[in-house]
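Participant: Number 187 in the numbering used here belongs to position 187 of the sequence shown; there are no gaps in the numbering.
Yeah, the Cβ is synthetic: ideal placement off N, Cα and C, and Gly gets one too.
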Amino acid sequence: MTRRILIAGNWKMNLIDDIQPIIDNNANRKLDILVCPPFTHLGIVQSAVKDSAVKLGAQNVHDEDNGAFTGEISYSFLKSLGIEYVIIGHSERRHVFNETDEFINKKVRKGLKKGFQTILCVGETETERNANRYKAVIENQLKIGLMGIENNFENIIIAYEPVWAIGTGKTATPFDAEDMHRFIREKVAEIAGNEVASDIRILYGGSVKEDNVKELLRQDNIDGALIGGASLKYEHFNKIIEIAELINI
Ligand code: PGA
């Protein structure tokens, strides 16, 4: 089956310079476009993208519905705003906020149960890559992150984001990225079977920009991109979307 390209902007703790051109320019694209603003701006961006082709996602969420979790946001709150996507286990959540694979798995399971398109991020650090442990690290993140999902794989998206490539300007070469994406697809096949593995979208993230997106998306197993820095200026984000639309997967 053909996997539809997804171009996702992860704004982190930033705002885009202007969202309107993204909405205006992308009405009839043959790909999926997603923006993930900070929690405080989900409402306002939702009003802006409503009735447009641009989808909205959150950058994080808690697995509990409510309770004494100061500073946290639940899936129910996201749902009440009409949010359809969520990013789980981003490397900054793992490394800056010490989220474990087990916690990430709880959030993934809850997201799927609640009907969200759930983007599970995986990625190795530079030390892990240099020590040649990167495949084992990714395999472990996938095994735990996807635990207990059983027949609910339809709304899972994986994002492979090598930590050493995030915000550093160092991108994995298309060859190395493809090698990891193929590996991830093989692991998903072991966990969930061949059909799930061939349908699942695997995004690449880590210093994606206009000049490298084409080669990355041309790889057989790369089905889109999760973009930080280059998603904050509408001109760059739009250009990436335009380039992505010309790629046939
Ligand atoms: P970057 O961030 O594009 O700025 O490297 C990607 C991400 O962290 O999702």
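Rank VAL163, GLY115 and ASP63 by C-alpha distance to the C-alpha of SER91 and give the top, closest one.
Facilitator: Taking the sequence shown and counting its residues from 1, one reaches residue 91 at position 91. Closest option to SER91, Cα to Cα, is VAL163.
Participant: Please find out if some non-hydrogen atom of ligand 1 comes closer than 7 Å to the beta-carbon of LEU15.
Facilitator: Against the sequence shown, residue 15 aligns to sequence position 15. Because no heavy atom of ligand 1 lies under 7 Å away, the Cβ of LEU15 does not count as near it: no.
Participant: Quick one: Cα of GLY251 to Cα of HIS181, how far?
Facilitator: This structure does not reach residue 251, given that the chain is present from 1 up to 249, and the question cannot be answered.
Participant: Drop a sphere of 10 angstroms on the beta-carbon of LEU246, count the other beta-carbons inside from all chains shown, and report buried for 16 or more, exposed for fewer.
Facilitator: Residue mapping note: residue 246 aligns to position 246 of the sequence shown, counting from 1. LEU246 should be labelled exposed.
Participant: From LYS50 to ARG133, what does the alpha carbon distance come to, in whole angstroms?
Facilitator: Taking the sequence shown and counting its residues from 1, the one referred to as residue 50 is at position 50. Taking the sequence shown and counting its residues from 1, the one referred to as residue 133 is at position 133. Distance between the alpha carbons of LYS50 and ARG133: 44 Å.
Participant: Within the chosen definition, does the segment 86–100 reach the segment 182–201 through at least 3 CB pairs nearer than 8 Å?
Facilitator: No, they do not touch.
Participant: Per DSSP, what kind of secondary structure is ASN10 in: helix, strand or coil?
Facilitator: To locate residue 10, count along the sequence shown from 1; it is residue 10. The answer is strand: DSSP assigns ASN10 an E or B state.
Participant: For VAL54, which residues of its own chain have a beta-carbon under 7 Å away from its beta-carbon, when the five flanking residues on both sides are left out?
Facilitator: Taking the first residue of the sequence shown as 1, we reach residue 54 at position 54. Hits under 7 Å: ILE22, ILE23, ASN26, ILE33 and VAL35.
Participant: Flag GLY145 as yes if its beta-carbon sits less than 8 Å from any beta-carbon of chain D, otherwise no.
Facilitator: The displayed structure is made up of one protein chain only, and chain D is not part of it.
Participant: Could you compute how far the alpha carbon of ASN221 sits from the alpha carbon of LEU203?
Facilitator: In the sequence shown, counting from the first residue as 1, residue 221 sits at position 221. In the sequence shown, counting from the first residue as 1, residue 203 sits at position 203. If I take the Cα positions, the gap works out to 9 Å.
Participant: For LEU56 versus ILE83, is the C-beta distance shorter than 8 Å?
Facilitator: Stepping through the sequence shown from its first residue, residue 56 is reached at position 56. Stepping through the sequence shown from its first residue, residue 83 is reached at position 83. Yes, the Cβ-Cβ distance between LEU56 and ILE83 is below 8 Å.
Participant: DSSP on SER74, reduced to helix/strand/coil?
Facilitator: Along the sequence shown, read from residue 1 onward, the residue named residue 74 stands at position 74. SER74: strand per DSSP, three-state reduction.
Participant: With 16 other CB atoms within 10 Å as the buried threshold, where does SER207 fall?
Facilitator: For this step, residue 207 is matched to residue 207 along the sequence shown. Looking at its Cβ environment, which holds 16 or more other Cβ atoms inside 10 Å, SER207 is buried.
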